[in-house]
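To start, the structure itself, in structure tokens.
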Amino acid sequence: MTAVNTTSTQVQTNATKNATASSQLNQNFDDFLQMLTTQLQNQDPLSPMDTAQFTNQLVQFSQVEQQLRGNDTLNQLLAMQTLNMTALGVSFIGKDVEVAGDTFTADGVKGVSMSYTLPEDSTSGTISILDENGDTVYSQDAEKTAGTHEFAWDGKNSSGNMAPAGNYTIKVSAGNATTTSLNVTTYVPGRVTSLESADDGTLVLNVNGVKVPLTDVRKIAEASI
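Numbered continuously in numbering that gives the first Met the number 0, the sequence shown closes out at residue 224.
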């Protein structure tokens, strides 16, 4: 799977870089100790060398080594997190979810459950269902209080007839006392068909043909028949 391969490659690359850096540090440290031993053996007993410089170099080596070990630990944690997120994402495949968005599919037989969130109280609001041509097939008043509200469309148009199967869009328009349009977030249902890796390496779900971040999933349930 793309998500696993892409992220795993990045983790392996970081681990390889740390291993190379650690190997180089060990080699430099061995060379330093050999030079230090040689100098100490050949120093003038009546005028011993200042050990402050040696001590500082030893401290610097120790700090670099600790940083590399810290990077190794972070890489291990990243690998564990990646595996956990991948396992979580895989568990979503085949499930019905509700995600942030406005496009959904109706089968022409059953109704569709959705939801929307108002950022603040509104003085007016309308829920509209639009078909693929952008024509309104159904509308009703929206809730006016702030928060998330459930909305169940029975799948029928304004004439009371069942709308044909196809892709539809939910649009919620709301305004406050100053007639300012509110930014309403809508959530639509869909089925997860696959798990992919986005360009930035994050895992995304394929829902209704749209790539959706895991964090945008509001609900998850066993697939309906």
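Quick reminder that beta carbons are idealized off the backbone N, C-alpha and C, glycines included.
*Assign Asn166 to one of three DSSP states: helix, strand, or coil.*
Here Asn166 sits in strand by DSSP.
_Could you check whether Thr168 and Thr102 sit closer than 8 Å to each other, using their CB atoms as the reference points?_
Going by C-beta atoms, Thr102 is nearer than 8 Å to Thr168.
_Taking a contact to mean a Cβ-Cβ separation below 8 Å, would you say Ser114 touches Val136 in this structure?_
Taking 8 Å as the cut-off, the Cβ atoms of Ser114 and Val136 do not count as close.
*For Val206, which beta-bridge partners are listed by DSSP?*
According to DSSP, which records beta bridges pairwise, Val206 is partnered with Val191 and Val209.
*Boundaries of the beta strand (DSSP E) in which Ile128 is found, first to last residue*: Ser123 to Leu129 is the span of the beta strand (DSSP E), which, as asked, contains Ile128.
_Within a Cβ cutoff of 8 Å, which residues of the same chain sit near Gly88, ignoring the five residues on either side of it in sequence?_
Only Ala2, Leu194, Leu202, Leu204 and Leu213 meet the Cβ criterion.
*Is Ser223 helix, strand or coil when you go by DSSP?*
Look at Ser223 here: in three-state DSSP terms it is coil, with no helix or strand label.
*Report the option in Ala220, Val216 and Ile128 whose CA atom is closest to the CA atom of Ala99.*
Comparing Cα positions, the closest option is Val216.
*For Thr147 versus Ser138, is the C-beta spacing smaller than 8 Å?*
Contact flag unset, no.
*Starting from the C-beta of Ser226, find all residues in its chain whose C-beta is less than 6 Å away, skip the five residues before and the five after it, and write them out in chain order.*
Only positions 0 to 224 of the chain appear in this structure, which leaves residue 226 out of reach.
*For Thr214, which three-state DSSP category applies?*
DSSP places Thr214 in helix when its eight states are reduced to three.
*Spatial neighbours of Gly189 within its chain, please: CB distance less than 7 Å, with the 5 preceding and 5 following residues excluded, ordered by chain position.*
Within the same chain, Cβ atoms closer than 7 Å to the Cβ of Gly189 are found at Val96, Val98, Phe103, Val206 and Asn207, the five residues on either side in sequence being excluded.
*Does DSSP classify Ala86 as helix, strand or coil?*
If DSSP states are grouped into helix, strand and coil, Ala86 belongs with the helices.
*asked:* Going by DSSP in three states, Asp71 sits in which element: helix, strand or coil?
replied: Helix, per DSSP.
*Within its chain, find whatever has a CB closer than 6 Å to the CB of Gly93; leave out the 5 residues flanking it on each side and keep chain order.*
Same-chain partners within the cutoff: Ala222.
*asked:* Quick check: the Cα distance between Ser90 and Lys109, rounded to an integer number of angstroms?
replied: In a straight line, the C-alpha of Ser90 is about 26 Å away from that of Lys109.
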